[in-house]
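With the UniProt record's numbering, letter number 215 in the sequence shown gets 215, and the count goes up by one each step, no holes. Glycine included, C-beta positions come from ideal geometry on N, C-alpha and C. One structure below.
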Amino acid sequence: MRRMLVTLLLVPVLAYVALCAMLFLAQRKLVYLPDYTHVPRAGTDYALDRDDVTLRGWIVNPGRPAAIVYFGGNAEAVQANAGDFARWFPGHSVYLLAYRGYGASDGTPAASELLDDALAFFDDVQTRHPGKPVSAIGRSLGSGIAAHVAARRPVDRLVLVTPFDSLANVAQAHYPWLPVRWLMRERYPAVDALRDYPRPVLVLRAGRDEVIPGANTDALLRVLPRAGVVSIQAAGHNDLHASPAYGEAMAAFLR
1 MRRMLVTLLL
11 VPVLAYVALC
21 AMLFLAQRKL
31 VYLPDYTHVP
41 RAGTDYALDR
51 DDVTLRGWIV
61 NPGRPAAIVY
71 FGGNAEAVQA
81 NAGDFARWFP
91 GHSVYLLAYR
101 GYGASDGTPA
111 ASELLDDALA
121 FFDDVQTRHP
131 GKPVSAIGRS
141 LGSGIAAHVA
151 ARRPVDRLVL
161 VTPFDSLANV
171 AQAHYPWLPV
181 RWLMRERYPA
191 VDALRDYPRP
201 VLVLRAGRDE
211 VIPGANTDAL
221 LRVLPRAGVV
231 SIQAAGHNDL
241 HASPAYGEAM
251 AAFLR
């Protein structure tokens with residue numbers, strides 16, 4: 001009887017441990033969703049050579065004096081923004097870079113590499129626009145990457161779309177019964193990067209955001225007390241860009 005009782009107790013414990021191990025090992029496949037973003041290299045017009053890979057993307061409004069770098073979401077085909085960005089930012093060249101493993105970029109996505117790539121991306125764009133302002137937009141996952149860049153480079157103006165305090169905290173909110181904060185390697189701690197951040201910031205949030213809990217955006221805003229905030233109440237996480245207020249707010253902020 002005692003052995004049976006021990007067995008009955010061990011089975012759920014072992015199943016829980018196995019689930020945690022599976023999530024730890026598979027987390028990059030859960031965080032990064034590049035499969036629907038792949039395009040031929042011939043359709044790109046920007047390339048950034050790294051030590052081990054070539055990253056590719058697009059330039060919108062080439063030849064303008066000022067620049068914007070854009071960091072997309074975890075399943076976003078960033079080139080889909082080209083038409084809107086051309087209209088909203090006529091005085092800027094906008095650079096859309098596909099992450100490693102996305103679009104026509106080589107490699108496999110992982111936080112450490114994506115963050116290093118983002119710094120190199122900013123540096124390359126700044127070299128192309130000497131003495132001119134370079135701003136950054138980061139959406140969802142890209143908000144964590146943009147925060148990392150803004151903390152380490154002279155970003156002129158920073159736009160964060162549906163941002164979070166850290167990806168680990170977002171995952172913990174979705175899976176409160178798992179020790180996610182201990183398991184996550186892909187953390188993107190935006191709240192640490194932007195604590196006491198001095199430059200202009202605009203935050204765009206969705207009133208019906210089903211991916212980033214409001215509490216996680218609120219936690220980030222507590223360290224950005226001077227940030228401008230635009231809440232689009234009728235929008236969800238993935239359709240925020242369809243609201244006219246989305247483009248109007250960014251165009252006014254990045255004018």
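- Taking all protein chains in view, the Cβ of W88 is crowded by 16 or more other Cβ atoms within 10 Å, so the residue is classified as buried.
- No alpha helix (DSSP H) of 4 residues or more sits fully in the region 17 to 71.
- With contacts defined as CB atoms closer than 9 Å, R205 and P163 qualify as a contacting pair.
- Here DSSP, grouped into helix, strand and coil, assigns A111 to helix.
- Following the DSSP letters along the chain, one finds A168 inside the alpha helix (DSSP H) bounded by residues 167 to 174.
- Beta-bridge partners of L160 (DSSP): G138, V203.
- Annotation: the continuous alpha helix (DSSP H) that includes G214 extends over 214 to 221.
- Looking at P213, L141, G144, L202, the one whose alpha-carbon comes closest to that of Y175 is P213.
- Inter-segment contact for the region 51 to 66 and the region 100 to 109 is present: three or more beta-carbon pairs are separated by less than 8 Å.
- Remark: C-beta atoms of A234 and R199 do not approach each other more closely than 9 Å.
- L141 and Y188 have their alpha carbons spaced roughly 8 Å apart.
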